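Take a look at the structure set out below.
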Amino acid sequence: MGLSIFFGVYIAAEIGYRFSPYDPLRYGDVPMNLPPSWKHPFGTDPMGRDLLTQLLFGTRLSMHIGIIAGIIAFSISVLVALVAGYYGGFLDSILNVVTEVFITIPSLAILILIAAIVPRITIPIMATILAIFSWAWPAKVMRSQVLSLKERGFVKLAKLSGYGGFEIIIREIVPNMLPFLGAYFAVVVNAAMLAEAGLEIIGLGPRNTITLGIMLNWALVHAAVTRGMIWWWLPPSIVLILIFLGLFIISMGLDEIANPRLKTQG
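Residues 94 to 359 (our numbering) make up the sequence shown, in order.
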């Protein structure tokens, strides 16, 4: 169900945007401030842009940013968890301290500061900023899983068979963590998209494109709520909720596979 919701939203946005006759970024492309109609189902904004086209374009771009940031953050967290959890010792202590620092610092405040300082926010910069502050908590949780797995009998048997540390991690530990890793990948993407939308709503996202957060920011700037223009801010809000819901259900489903206790309770 989670995959159906998530990829359903993405495919609908990807295909729908390509069939739209309007340009989501060009000012004056359509008449301004039109209410919903058959020609413009979600109306138009004060800059003369079709809001349905913006929604489709912004959905795919927001999901791209979230997935890119999630992949970067997830890669860092997996690497830190595997190295710290398996090898332990001084390296584990150093990585654990760094992880705790990133967990305890006020990430939202730092994200706002960085986004405000960077002169021109682009999509890669946005994804990188989000990834920097999204890896620490998953790394801490996955490290505890690695610590548990490395004490299992199959890992000790692999050591007796002459496998090196890297071989044991790749052949024995990672395969046993795949459902767990999948669940936390969904969590990381969810967190990245939530942070992205938050930054863009307060006006600190890329200014030369359209995302769901930027649509909501423009709706706030032009007082769409007080003016009763529900068709401007409600659709992107619903799409964000659907994306978060899909990722949450994916995480829950994979967590049930990875956690035998949850599977037994179900």
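Idealized CB from N, CA, C, for every residue including glycine. As the structure is a computational prediction, the values presented were derived from the model and not from experiment.
Pairwise C-alpha distance: residue j and residue i
i: Met94; j: Met156; result: 18 Å
i: Leu347; j: Met270; result: 11 Å
i: Leu250; j: Ile169; result: 28 Å
i: Gly78; j: Ala285; result: In the structure as shown, the chain begins at 94 and stops at 359. Residue 78 is therefore absent and cannot be evaluated.
i: Ala400; j: Ala208; result: With the chain covering 94 to 359 only, the question about residue 400 has no answer from this structure.
i: Asn283; j: Ser97; result: 16 Å
i: Arg245; j: Gln238; result: 11 Å
i: Gly159; j: Glu289; result: 7 Å
Residue i burial status per 10 Å Cβ neighbour count (16 or more: buried)
i: Thr319; result: exposed
i: Lys233; result: buried
i: Gly359; result: Note that Gly359 scores a pLDDT of 49, beneath 50, so its modelled location is shaky and nothing firm can be said.
i: Asn310; result: buried
i: Ala312; result: buried
i: Ile165; result: buried
Among the options, the one whose alpha carbon lies nearest that of residue i
i: Met362; options: Ile108, Phe150 and Ala106; result: With the chain running from 94 to 359 in the structure shown, residue 362 is simply not present.
i: Arg153; options: Met322, Phe226 and Phe99; result: Phe99
i: Ala106; options: Phe278, Arg119, Val191 and Leu144; result: Leu144
i: Pro114; options: Asn301, Leu327 and Lys132; result: Lys132
i: Ile226; options: Glu193, Val248 and Gly257; result: As written in the sequence, residue 226 is Phe, which differs from the Ile given in the question. The option with the nearest alpha carbon to Phe226 is Glu193.
i: Thr304; options: Leu338, Ile262, Leu118 and Val267; result: Leu118
i: Ala177; options: Leu253, Gly339 and Gly258; result: Gly258
i: Ser200; options: Asp185, Leu287 and Ala279; result: Leu287
Residue range of the alpha helix (DSSP H) that includes residue i
i: Trp311; result: Leu305 to Val314
i: Asn283; result: Val267 to Ile294
i: Phe150; result: Leu144 to Tyr180
i: Met235; result: Ala229 to Leu242
i: Tyr115; result: From DSSP, Tyr115 is part of no alpha helix (DSSP H); its letter is neither H nor E.
i: Ala317; result: Counting along the chain, Ala317 falls outside any alpha helix (DSSP H), and DSSP gives it neither H nor E.
i: Gly246; result: Gly246 to Leu253
Those residues which DSSP pairs with residue i across a bridge
i: Thr137; result: Asp143
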